[in-house]
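Chains as they are written, first to last, in the numbering used here: chain A, 1 to 101; chain B, 1001 to 1525; chain C, 2001 to 2627; chain D, 3001 to 3166. We put the CB at the ideal spot given by N, CA and C, even for glycine. Bear in mind the structure is a predicted one, so any value in this text is a computation, not a measurement.
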Amino acid sequence: MSGQIALGLPVAAVLFAIGLAGVLVRRNVVVVLMSIEVMLNAGGLAFVTAGARWGLPDGQVAMLFVLAVAAAEVSVGLALVLRVRDAFDTLDTDEVSRMRG
Amino acid sequence: MILLALLLVPFAGGVLAWAAETVSPLAVRWTALCAAALELVVAAVAWFAYPAPAAGWPPWVAQFQAEWVPQLGISFHLAADGLSLALIALTGFLGVAGVVASWREITQRVGLFHFQLLWALAGVTGVFLAADLFLLYFMWELMLVPMYFLIALWGHEDRRRAAMKFFLFTQAGGLLMLIAIASLYVAHGRRTGVYTFEYSALLGSPAALGASVWLALGFVAAFAVKLPAVPLHPWLPDAHTQAPTAGSIVLAGLLLKSGAYGFLRFVLPLFPAASAEIAPYALWAGAAGTVYGAFLAFPQRDLKRFVAYTSVSHMGYVLIGAFAGSRLALTGAALEMLCHGLSTGALFMIAGALMDRAGTRDMGRLGGLLAALPRMNAWTTAFVLASIGLPGLGNFVAEFLVLAGVFSVSPAVAAVGAAAMIASMVYGVWLLYDVFQGPAPVAGDADASRLPDLRGPEAAVLAVMTAGLVWLGVYPQPAVSAIEAGVGPPDVPVAAAPARAARTAAERAEAPAGVPGGARERAPR
Amino acid sequence: MLPLTWAIPALPLAGFAVLGLAGRRLTPRAVAWVGAGSVAAAFALAAAVAAAFLAAPPAGGAFSQTLWTWWTVGGLAAHVSLRLDPLSLVFVLVVTFVGSLVLLYSTEYMEGDPDYSRFFAWMDLFAGSMLVLVLAADFLLLYLGWEAVGLCSYLLIGFWYRDCANGRAAMKAFVVTRVGDVALLVGILLLFTQLGTLGIQSAMSRAVDAWPTGAAVASVAAALVLGGAVGKSAQLPLQVWLPDAMAGPTPVSALIHAATMVTAGVYLIARTGALFAIAPGVRLAVAVIGALTLLIAGFSALAQSDIKKVAAYSTVSQLGYMFVALGVGAASAAVFHMFTHAFFKALIFLGAGAVIKAMDEDRDMFHMGGLKDRMPLTFWTFTIGCASLAALPLVTAGFYSKDLILFESFASPYGDVWLWLAGLVGSVLTALYASRMVLLTFFGPLKREPSGLPGPRMAVPMVTLAVLAVVAGFVQVPGYLGGKPLFTGLVGAGLPARSSPLVGAALASAIAGVLVLAGIASAYWLYEPGRPALDRLVATPWGAALHRAFLAGFGFDAAYEAVFVRPYRRLAELDRGDFVDPAYRAAGRLAAWCGGALDGLETGRVRNYAFGIGIGVVVVLAVVMLR
Amino acid sequence: MIAAFYAAAAVAVLSTLLMVTRPSVVHALLYLIVSLLGTAVMFLALGAPFLAALEVIIYAGAVMVLFVFVVMMLNLGPSSSHADWLSPRAWAGPALLAAVLGIELLWILASAGPPSEGVRAIAPARVAESLFGTYLIAVELGSMLLAAGILGAYHLGRRETGRARR
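Right under this line is the structure:
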């Protein structure tokens, strides 16, 4: 019965790493945002796994907050994507580099 | 309580002056003038109200203490002795001079200007009164910020760079001091179990006595930059050149003094052993400053830059006096602070007035003004003479005391300091020649003969300054008595002559227990 | 009367205060009354004080008065205190007397000048400061007077500020004398720190007690004091400022640069004679400096065409005589020469001033000539002054004082025959240039009509001084003529003891007298207008070279210009931007460069930043792992 | 249950990998939805049925619908210009970094030792009690965050200042 718990955290770690790779490799803003969703999800999975291990509801509560944050982040982020597209005519993050010193 | 008043008058005056801008610029000026004058009056009252200093050292004549952050041993402790009061009186007076000098010069954002000016004065006053190292650092930074804005907002063509340079130099020194204060605080707490920033508690603390030279150097860094000691001086000419006249007056007359005051009040008493180790270098830095400042003043074309370098020269004497290790020299250094505040403040005021009239500070474009501005020439001559150390004016007495005090320690330093007087003479007569006697510049500038001479409040302020310098030059004894007690711990010899060393040591051995000197002998190592 | 001594300097200083504060509102007449009157009142007071002093000399031969304590720090103090002894009494009388005459003369000479009140204010300040100098009982007060007279000298040399050359001459005078002043200041510091007192008398007595003869510290102290004296009295090597100082109005030259201020160095060395007595090497240096100076200045005076420059070089030369006397230990002889010199040299300047005023400020002697009949009063008084300067035997004051110096220069135990020979050559030179002045100015054809004659206010001082230039010497008639050493007897009481004249004095005087007469005769042969002897001499290559050297004062100016002035200026110009500043600018650039180097990391690409965050996480986790 | 967990984990990891590597945004989006559904199954297997439902409804439902709309609005198709990221130089470094990170995480998890106890299912009621008891303030804050997100999205999404720039 402990298999889920034994595997939950490694799976979360792998998902997180893949998400990170996506953020780092992809240049399309929308895909970057999606990768971030994956990372958030991985974090949430870790929470839930830990909650299941201790039998406490707090892990699930944390995942709920992750959901809320993700929703807010996605809504603002996608709105920003629209604006970026308007302003730069591109979705390539490398070309939106006005912060270059 | 009166010390709190001394501190609050400029603070409140600054706020009131700013608020008065809603009425009219003139109201601002009058408010600021009254605040500065009130500061002077209160300082005078404090002077006369507490004639007898308390026993022990330092000889405070008045104190004010309130809790600030008791958990950390920080208290709002103000204390004044004769030296502090004299310098605060100078602060008030130069505040009046600054407001008068700005009367016609400053037309933009008048309220904010006077607010900054008075808060700078308040910060200086706070430094002169602080008897708590945390408060000292607080006030130290407080005087820096308004000064930065005075230069950066109301300065001349290159003001931003100059203000930034000023800020970087002084802030670098100030942060080193902060580190030193914190280290001293911790070291004292570890040794004694009492964590406090209180000056009198740290005085004679085993932590301070056994402190390494590095700890003392943290303080020295801040004060030497502010003084400024060669080679930490390059911020000064730029800041002076670009600052508005009132800013220059406050900068030269008071901010530099805060550095000198720091040496006398904090470095020497707190770290006697480390000071003795630093002294040879400091003496030579001072001697180099006297010569180098005078030497560099001579080729300057910019009138204010010129005066700025003379300050470097004079503060060299203060540095020598501070580290000569004798009462004569310490008294001389303290007296030089007062005299330099008057003479250089006046020279900056004159430079501002000249700039106001002739429209330029470039000495290459000034010349032959004696016929048009005889009074201005007379005042300039008087203050240049003070600046080059003519006997009968205050600076001479101070410089003589300094040189006499250092002579027995290092005749070479004294000789270099005296030789700097030749260089001073060169720049002094050159200034008078180039601006007043020498050939008028080629036509094209304003008709010199129609320039208005000095009159009214400016002349009145200058007259008071002259009177002060003559008083300090001819009968300085009241000032000398007032500041002498506070300039150094009682075990500093009058003159550090080798022959007297033995006698002084004997006297120190006999010193009764209870005075700091005696207490220090018994302090656990 | 003696307790009123403080008022002697106070009166002229009060005059200065009145004129300085209210001078512009006073009428010229009132200015003249205040300006000259205050000094005249000081003279009257000084005369009364002198009478009281001589009638009943105070105990110890000196009257002391402490006015107030200047400052005191832990037991060490400087006092504003006065000391009246015969030495200072002589100086006080000379300063106030010549001062009042010169100021009386100035009321007419300076008439119509737009800065009339400024002139008198500064002259009064000078008189007061000079009196403080000679009356000071404290080294520091002496130094105050010392610097203040230098200041007045500076202000008055540059008085006519519309001509920039005057301003430059004033600068030069102030700076050059300051070199000596600083030496004196260091000397005072040395005495103060070593002996623990600033009082002149107590310092002298302590020095004699504490230091053996020839002690190094005594020699250093004496040398530093000598440095001050050399600067103020325009002796080698700091003599260069005095000829240029003639740019000031002529009364200034008469009072400050001939009669009084320049003799302050003589006063100082006489006052600190005890110190020089225990520093024999430095004492010898005083004599050698004096001898060299009197020769160099004498030669230089021969070639000048500016009448005031001749007089200036002659002043330097006569001061050289005084230094010789001081160097051989005959301070009273030096003071005696100062005494007579004050009269005849002031007289020469006042006469020259009358001529210059008549020539509309043209000072070139070659533009003058034949004025003998047009300005008889000026001619006679000027000639008497020049005769006294040339030390015409028996009838002039200058003869008696110079004779005493010449005698002492070899007869004194510290004397030397070489000093005597130098003095003899110098007296020939003096006779030559003094006669040349008279000949070029007053004889020969009339080249230019004088524009005015001196009025009574100028004439009275000239006549008075002419009388004194003759009779002042009779207070010290040498023994072989049946006289008594009244002057040296009086002054010597306040100075180290001196031996009395010996046999052979008469012979020495005779030699000197003959040489002077020969000098005057050869001057007539050389300089009498219309004679070609001199022109032929100057035409030879050697003669031309010598003439150039004399005219340039042996090139000291050029040498100083090349060695000190120009390098200083060049270095200063080079350093205008401050050599230290670039170091800080370099630090700033280094910081900017580092920033630029890090700038490459700032790509503006989100994923690069994220990559950075990722690295951070990896590192943190690595740390967690490896713990 | 455990088999479902293994399967879901495999599906999630695989589809996430594919999501990251697909050049087409639409394909990536579809894989992401699969990944999220896999996660939901894992939640279920971990005894969190409520969260599994929310995961499907909110994440795979609402949030992904947002993505779909945006993709539609931006008219994104398979883009040839983005194909160059496939060159190893572009992805080797980040991939390596991600791999190292993943290995580090796994290492740490492995070093912590195997779990001693099994899954304890937590009823939605307990979650709700905790959520509206202990975490009430956090819930409020979360709601504020959402409100801010709505406002921000609305503000940023308006187009009136749009095309004129640049």
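Exercise. Would you verify that the beta carbon of residue 48 of chain A is, or is not, closer than 8 Å to some beta carbon of chain D?
Key: Taking the first sequence and counting its residues from 1, one reaches residue 48 of chain A at position 48. Yes, because at least one Cβ of chain D sits closer than 8 Å to the Cβ of residue 48 of chain A.
Quiz item: For residue 1027 of chain B, which option in B:1291, B:1111, B:1487, B:1356 has the closest C-alpha, if you only look at C-alpha atoms?
Solution: Here residue 1027 of chain B is taken as the residue at index 27 of the second sequence, counted from 1. Minimum Cα distance to residue 1027 of chain B is reached at B:1111.
Quiz item: Any idea if residue 44 of chain A is buried or exposed, counting beta-carbon neighbours within 10 angstroms, 16 or more meaning buried?
Solution: What you label residue 44 of chain A is simply residue 44 of the first sequence in a count that begins at 1. Answer is buried; the Cβ neighbour count reaches 16.
Exercise. Report yes or no: is there a C-beta of chain B within less than 8 Å of the C-beta of residue 2267 of chain C?
Key: Residue numbering aside, residue 2267 of chain C sits at position 267 when the third sequence is read from its first letter. Residue 2267 of chain C does not count as touching chain B.
Quiz item: Is there at least one non-hydrogen atom of the ligand FMN closer than 7 Å to the beta-carbon of residue 3118 of chain D?
Solution: Ligands are entirely absent from the displayed structure, and the ligand FMN is therefore not among its contents.
Self-check item: Partners in chain C for residue 94 of chain A, counting only beta-carbon separations shorter than 8 Å
Solution: Numbered from its first residue, the first sequence carries residue 94 of chain A at position 94. Per Cβ cutoff of 8 Å: 2605, 2607.
Self-check item: Where residue 1281 of chain B falls, given that 16 or more other Cβ within 10 Å makes a residue buried
Solution: The sequence position of residue 1281 of chain B within the second sequence is 281, counting from 1. Under this definition residue 1281 of chain B is an exposed residue.
Self-check item: Inside the segment 2344-2420 of chain C only - beta strand (DSSP E) runs reaching at least 3 residues
Solution: none
Quiz item: Are the CB atoms of residue 1409 of chain B and residue 1332 of chain B nearer to each other than 8 Å?
Solution: Residue 1409 of chain B sits at position 409 when you count from the first residue of the second sequence. Residue 1332 of chain B sits at position 332 when you count from the first residue of the second sequence. Cβ distance not < 8 Å, so residue 1409 of chain B and residue 1332 of chain B don't count as in contact.
Exercise. Pick out whichever of A:71, A:80, A:91, A:93 has its Cα sitting closest to the Cα of residue 3147 of chain D.
Key: Counted from its first residue, the fourth sequence places residue 3147 of chain D at position 147. Ranking A:71, A:80, A:91, A:93 by Cα distance to residue 3147 of chain D puts A:71 first.
Quiz prompt | With 16 other Cβ atoms within 10 Å as the buried cut-off, status of residue 2574 of chain C | solution = The sequence position of residue 2574 of chain C within the third sequence is 574, counting from 1. Exposed: under 16 other Cβ atoms inside 10 Å.
Quiz item: Helix, strand or coil for residue 2027 of chain C per DSSP?
Solution: Residue mapping note: residue 2027 of chain C aligns to position 27 of the third sequence, counting from 1. If DSSP states are grouped into helix, strand and coil, residue 2027 of chain C belongs with coil.
Quiz item: Would residue 3007 of chain D count as contacting chain A if we go by Cβ distances under 8 Å?
Solution: By 1-based counting over the fourth sequence, the position of residue 3007 of chain D is 7. No, residue 3007 of chain D lies away from the interface with chain A (no Cβ there is under 8 Å from its Cβ).
Quiz item: Is the CB-CB distance between residue 2435 of chain C and residue 2466 of chain C below 8 Å?
Solution: The residue you call residue 2435 of chain C lines up with position 435 of the third sequence. The residue you call residue 2466 of chain C lines up with position 466 of the third sequence. No, the pair does not count as a contact, with Cβ atoms beyond the cut-off.
Practice problem: Say whether chain C places a C-beta atom closer than 8 Å to the C-beta of residue 1331 of chain B. | Solution: Your numbering for residue 1331 of chain B matches position 331 in the second sequence. It does; some Cβ of chain C falls within 8 Å.
Quiz prompt | N-terminal and C-terminal residue of the beta strand (DSSP E) that residue 1065 of chain B is part of | solution = Within the second sequence, the letter at position 65 stands for residue 1065 of chain B. Note, residue 1065 of chain B: beta strand (DSSP E), 1062-1069.
Quiz item: the segment 2558-2592 of chain C: which residues have C-beta closer than 7 Å to a C-beta of chain B, in chain order?
Solution: 2572, 2573, 2575, 2576, 2578, 2580, 2581, 2584
Self-check item: Listed by chain order, chain C residues near residue 1327 of chain B by CB distance under 7 Å
Solution: Here residue 1327 of chain B is taken as the residue at index 327 of the second sequence, counted from 1. Result: 2073, 2074.
Quiz prompt | Which listed residue (C:2240, C:2371, C:2330, C:2477) has its alpha carbon closest to that of residue 2560 of chain C | solution = Against the third sequence, residue 2560 of chain C aligns to sequence position 560. Nearest option by C-alpha distance: C:2240.
Exercise. Tell me, please, whether the CB atom of residue 2594 of chain C is closer than 8 Å to any CB atom in chain B?
Key: What you label residue 2594 of chain C is simply residue 594 of the third sequence in a count that begins at 1. With 8 Å as the cut-off, residue 2594 of chain C does not count as an interface residue toward chain B.
Self-check item: Close beta carbons around residue 2431 of chain C, own chain, < 7 Å, minus the five adjacent residues each side
Solution: Within the third sequence, residue 2431 of chain C is the residue found at index 431, counting from 1. If we look at residue 2431 of chain C and ignore the five residues flanking it on each side, its Cβ neighbours are 2390, 2516, 2519, 2520, 2523.
Self-check item: Opening and closing residue of the beta strand (DSSP E) in which residue 2235 of chain C lies
Solution: One-based indexing of the third sequence puts residue 2235 of chain C at position 235. Residue 2235 of chain C -> no beta strand (DSSP E), and no H or E assigned at all.
Quiz item: Of the choices B:1081, B:1088, B:1103, whose alpha-carbon is the least far from that of residue 1032 of chain B?
Solution: Along the second sequence, read from residue 1 onward, the residue named residue 1032 of chain B stands at position 32. For the residues B:1081, B:1088, B:1103, the minimum Cα distance to residue 1032 of chain B belongs to B:1103.
Exercise. Give a yes or no on whether the minimum CB-CB distance between residue 2621 of chain C and chain D is below 8 Å.
Key: Numbered from 1 along the third sequence, position 621 holds the residue referred to as residue 2621 of chain C. Closer than 8 Å to some Cβ of chain D, the Cβ of residue 2621 of chain C qualifies, so yes.
Exercise. For residue 2158 of chain C, go through chain A and note every residue whose CB falls closer than 8 Å to its CB, in chain order.
Key: Translated into positions along the third sequence, residue 2158 of chain C becomes position 158. Near residue 2158 of chain C there are no residues of chain A at all, since even the closest Cβ is about 60 Å away, more than 8 Å.
Quiz prompt | Exposed unless 16 or more other CB atoms sit within 10 angstroms - verdict on residue 3137 of chain D | solution = Against the fourth sequence, residue 3137 of chain D aligns to sequence position 137. Per the 10 Å Cβ criterion, exposed.
Quiz prompt | Cβ of residue 2069 of chain C within 8 Å of any chain B Cβ | solution = Taking the third sequence and counting its residues from 1, the one referred to as residue 2069 of chain C is at position 69. Output row for residue 2069 of chain C: interface = yes.
Self-check item: Cut-off 6 Å between Cβ atoms - residues of its own chain near residue 1404 of chain B, not counting five sequence neighbours on either side
Solution: The residue given as residue 1404 of chain B occupies position 404 in the second sequence. Once the five neighbours on either side are set aside, the close Cβ partners of residue 1404 of chain B are 1328.
Quiz item: Helix, strand or coil: which one does DSSP assign to residue 1013 of chain B?
Solution: Residue mapping note: residue 1013 of chain B aligns to position 13 of the second sequence, counting from 1. DSSP places residue 1013 of chain B in helix when its eight states are reduced to three.
Quiz item: So, using beta-carbon positions, are residue 2175 of chain C and residue 1426 of chain B closer together than 8 Å?
Solution: On the third sequence, position 175 is the one that residue 2175 of chain C refers to. On the second sequence, position 426 is the one that residue 1426 of chain B refers to. Yes, the pair counts as a contact, with Cβ atoms nearer than the cut-off.
Quiz prompt | the segment 2110-2124 of chain C touching the segment 2010-2018 of chain C, judged by at least three CB pairs closer than 8 Å | solution = yes
Practice problem: Using only alpha-carbon positions, find the residue among B:1480, B:1320, B:1140 that is nearest to residue 1412 of chain B. | Solution: Numbered from 1 along the second sequence, position 412 holds the residue referred to as residue 1412 of chain B. For the residues B:1480, B:1320, B:1140, the minimum Cα distance to residue 1412 of chain B belongs to B:1320.
Quiz item: Would a check of beta-carbon distances place residue 2193 of chain C closer than 8 Å to chain B?
Solution: Counted from its first residue, the third sequence places residue 2193 of chain C at position 193. Yes - at least one Cβ of chain B is within 8 Å of the one on residue 2193 of chain C.
Quiz prompt | Amino acids of chain B, ordered along the chain, whose beta-carbon sits closer than 8 Å to that of residue 2175 of chain C | solution = Stepping through the third sequence from its first residue, residue 2175 of chain C is reached at position 175. Chain B residues near residue 2175 of chain C: 1422, 1425, 1426, 1429.
Exercise. Consider the Cβ of residue 43 of chain A: report whether some Cβ of chain D lies at a distance smaller than 8 Å.
Key: One-based indexing of the first sequence puts residue 43 of chain A at position 43. It does not; no Cβ of chain D falls within 8 Å.
Quiz item: Taking any Cβ of chain D, which residues in the segment 27-43 of chain A have a Cβ under 9 Å from it, in chain order?
Solution: 27, 28, 30, 31, 33, 34, 35, 37, 38, 41, 42
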